[in-house]
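The next block holds one structure in the form of structure tokens; read it before the comments.
In the numbering used here, the protein residues as written are 923 to 1016.
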């Protein structure tokens, strides 16, 4: 169970969450990251059709990568970036 707890700690970090439109969020479920960044909504999954910057930035970042992976370091970096955006928003800092 110790390995599961470490995985659970990362999978539930803020940096591993993406705000999405309701229709996309419902259809995307727990698909693999590769599918999320490379599949259109018409295919019932995908960040490609999202109007939200975080999702569309991920699509752009991984557009030319045939096997994109979302790893522990990506989650840590995204968590730090989200924390910085929240602090900037609350305290009006840039």
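The beta carbon of each residue, even a glycine, is placed where N, CA and C say it ideally should be. A quick note: this is a predicted structure, and the numbers were derived from the prediction, not measured.
With a threshold of 6 Å on Cβ separation, who are the neighbours of residue i within its own chain once the five nearest residues in sequence on each side are excluded?
| i | result |
| --- | --- |
| residue 941 | 974 |
| residue 992 | 955 |
| residue 976 | 940 |
Just to confirm my understanding: we take residue i, look at its own chain, exclude 5 residues before and 5 after, and list those with CB closer than 8 Å. What are they?
| i | result |
| --- | --- |
| residue 1005 | 936 |
What are the boundary residues of the alpha helix (DSSP H) that includes residue i?
| i | result |
| --- | --- |
| residue 971 | Unbroken run through residue 971: none, as it is neither H nor E. |
| residue 1002 | 994-1013 |
| residue 959 | 955-960 |
| residue 952 | Note, residue 952: premise wrong, no alpha helix (DSSP H); not H, not E. |
Looking only at its own chain, which residues have a Cβ that is under 7 Å from the Cβ of residue i, when we skip the five neighbours before and after it?
| i | result |
| --- | --- |
| residue 994 | 932 |
| residue 959 | 969, 980, 981, 984 and 990 |
| residue 998 | 937 |
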